[in-house]
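For reference, the structure discussed in these notes is given below.
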Amino acid sequence: MKFSDGFWLMRPDVTAYYPQHVHDAEVQGESLLLYGPFQRVEGRRGTTDVGLLTVRLSSPMENVIHVEAWHHQGALDPGPHFAKQEQVPEVSLY
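Position in the sequence shown (first residue = 1) + 7 = the working numbering.
Listed below in C-alpha cells is the structure:
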C-alpha cells in the first residue's frame, strides 16, 4: 500500500495523523512506552474520540535505538475454543 505521492507529498485520499504531545509514559522492562494522542488533551473530556499512537523505544545493543509505533494493535482472542473432532462420522441417507 502506497501512502505517498513521490517522496514528500501525501496522496489525495490519505490523511496523516501525528501525535500532538506525549500524554503518558511508562517503563516496561528495558523499554520506554509512550502514548501520544492526535489532539491535545486538556482534561478528561479531551480523551473522547481521539486517536492514539503508541511508541515503544528500546536499545537492543549499544548505539542502537529500536523504535516500534502502532495506532491499533489487535486484541487477544479470548475464546471460547472447542476441540475439533478428528474423524468424520459416516452418514447414511437411508
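Quick reminder that beta carbons are idealized off the backbone N, C-alpha and C, glycines included.
CA nearest to the CA of residue i, picked from the options
i     : options                       : result
Arg47 : Ala23, Phe89, Leu59 and Gln27 : Gln27
Pro44 : Asp31, Ser38, Gly13 and Glu37 : Asp31
Leu59 : Ser65, Met17, Ala23 and Gln35 : Ala23
Beta-bridge pairing of residue i - partner residues as DSSP gives them
i      : result
Leu100 : According to DSSP, Leu100 bridges with nothing at all.
Trp77  : Thr61
Met17  : Ser11
Pair within 8 angstroms by beta-carbon distance, residue i and residue j
i     : j     : result
His61 : Tyr42 : For clarity, residue 61 is Thr in the given sequence; the question names His instead. For Thr61 and Tyr42, yes; Cβs fall inside 8 angstroms.
His73 : Ser65 : yes
Expected contact under 8 angstroms - CB spacing of residue i and residue j to nearest Å
i     : j     : result
Ser38 : Arg63 : 5 angstroms
Glu33 : Leu40 : 5 angstroms
Q) Taking the runs of the beta strand (DSSP E) that are 3 residues or longer, which of them lie wholly in the segment 31–59? A) 31–35 and 38–44
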